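What follows is a short report on a single structure.
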Amino acid sequence: MKVLVTGANGLIGSHVVRELLKKGYEVRAFVRETSDLHSLEGLDVELVYGDILLPETLRSAMKDCEMVFHVAAVFAYWGYDETKLKSIAGQGTCNVVEAAAGAGVKKIILTSSSAVLGSASDAISLDENHTIDRDEYLPPYVRAKIEQEKAAFRMARELNLDLVAVCPTITVGGPDYGLSESNRIIVSYLNDPFKATWPGGCNVVSASDVAIGHVIAGEKGIPGQRYLLGSENIEWSELHQIISDLCGLPGPMVVANHTSSYLAAVAYELVSYFTGEPPASTRAQAKMVGRYYWYTYDRIAKLGYKPCTARQSLVEAVSWLVASSHISSSLRATIKLSDEIYRFRNKQQMSPTDKK
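The opening residue of the sequence shown carries number 67 in our numbering; numbering runs sequentially from there.
As structure tokens, this is what we get:
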């Protein structure tokens, strides 16, 4: 079966491509002319160039495809205004759905986000039916993803297309040459001289498991449904402790509250105006401090989804990140990798086609 993957060079997209190839699919990778294609090197894929904001490029790319995995998106808390985010998420997705209908595609798998389900003030797990509280703060990225999902389902119904949405949680791993916001959490913590943590919690999952979830949703997902793709719910302090353990570094040493997080974000953003580099944290992220982004993946587990633990997800991510250009040589010199990292690397060398 021939399938198209938009945003095929990104963290999630490249893993989806790899998982599809492993399952025997014929993969067509949809990327922009300016895309960094390092993550697709050596893979047996057909590259097609275009842009989801250019409908004519989508129509030709979908010829003879039976499924489309629409992964292309902007995941950013900095550098994009809300209008641009909504244009890419909303109009881009509508273009994909319309082109799929015209090309005779049988099913679309939309990469949404767990953030569309909101968060909680207490340590409870949310499912796919959760409704966001009216007073909950939602950064522009999240508002754009909510509109994207609504528009996609609406258009799919109007055009009589089967569409499933998958909602990944914090997705970590490599290769990630553009440094996604999820992996940036790890890099920012390693760069932080105070090794600060904060209240609240998150759900962290490996990119390889998210890719498996995409394919399961494509093969078994019920049209009109959304499926959370996550793993383990943990406190932020535990996540940061694991990163420190894996890198042989002290920490976390400071617990930041709302006020200190916000003030630090203001300072980081100010520096970014002069350096042009993304800030270590933003005011939008600081406003989310103290919330619990905890979710259950029971719905897709019934279809065969079995993710690894949060710790193993971080092992995979840290192993790649510390050897990448995202970590400076001076920082790398202070890191003493744990035996877990070396065991993982040895296993990868012995069984390079294995997921873990």
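Ideal placement from N, C-alpha and C gives every residue a C-beta, glycine not left out.
Bear in mind that the values here come from a model prediction, so they are computed numbers and not experimental data.
- Considering only Ala139, Cys160 and Ile212, the residue with the shortest C-alpha distance to Leu227 is Cys160.
- CA-to-CA, the gap between Glu406 and Asp275 works out to about 19 Å.
- For Met133, the enclosing beta strand (DSSP E) starts and ends at Met133 to His136.
- For Asp199, there is no enclosing beta strand (DSSP E), since its DSSP letter is neither H nor E.
- Pairwise C-beta distances place the stretch 324-332 in contact with the stretch 343-356, as three or more of them are shorter than 8 Å.
- Residue burial is scored here from C-beta neighbours: Val337 has fewer than 16 other C-beta atoms within 10 angstroms and is therefore classed as exposed.
- About 16 Å separates the Cβ atoms of Val232 and Val270, ruling out a contact at the 8 Å cut-off.
- If you draw a 10 Å sphere on the C-beta of Thr72, you find 16 or more other C-beta atoms in it, and that means buried.
- For the 8 Å CB-CB criterion, Gly240 and Ser395 do not form a contact.
- Judged by DSSP secondary structure, Asn269 falls within the beta strand (DSSP E) whose first and last residues are Gly267 to Ser272.
- Between Tyr293 and Glu194, the CB-CB gap stays under 8 Å.
- Runs of the beta strand (DSSP E) lying entirely within the stretch 357-406, each at least 3 residues long, are absent.
- Three or more pairs of CB atoms, one per stretch, sit closer than 8 Å, so the stretch 355-372 contacts the stretch 181-189.
- For Asn257 against Leu397, the beta-carbon gap comes to about 6 Å, under 8 Å, which counts as contact.
- Nearest neighbour of Ser185 by Cα position, chosen from Thr177, Lys68 and Arg200, turns out to be Arg200.
- Counting of Cβ neighbours within 10 angstroms places Ala399 among the exposed residues, the total staying below 16.
- Ranked by Cα distance from Leu380, the first of Leu192, Glu298, Leu70 and Thr149 is Glu298.
- Within the stretch 253-323, the runs of beta strand (DSSP E) at least 3 residues long that lie entirely inside it are, in chain order, 267-272, 292-295 and 298-301.
- Looking at the DSSP output, Cys233 bridges to Leu294.
- From the listed residues Gly90, His306 and Asn75, the smallest Cα separation to Arg377 is found for His306.
- Counting of Cβ neighbours within 10 angstroms places Thr263 among the buried residues, the total reaching 16 or more.
- According to DSSP, Thr325 shares a beta bridge with no other residue.
- Positions of the alpha helix (DSSP H) runs, each at least 4 residues long and wholly inside the stretch 142-176, are given as 148-152 and 158-169 in order along the chain.
- When DSSP states are grouped into helix, strand and coil, Lys68 belongs to the strand group.
- In the assembly as shown, Tyr255 is a buried residue. Its beta-carbon has 16 or more other beta-carbons within 10 Å.
- In this structure, DSSP gives Val97 an extended state, which the three-state scheme calls strand.
- Leu103 carries a coil assignment under DSSP once its states are collapsed to helix, strand and coil.
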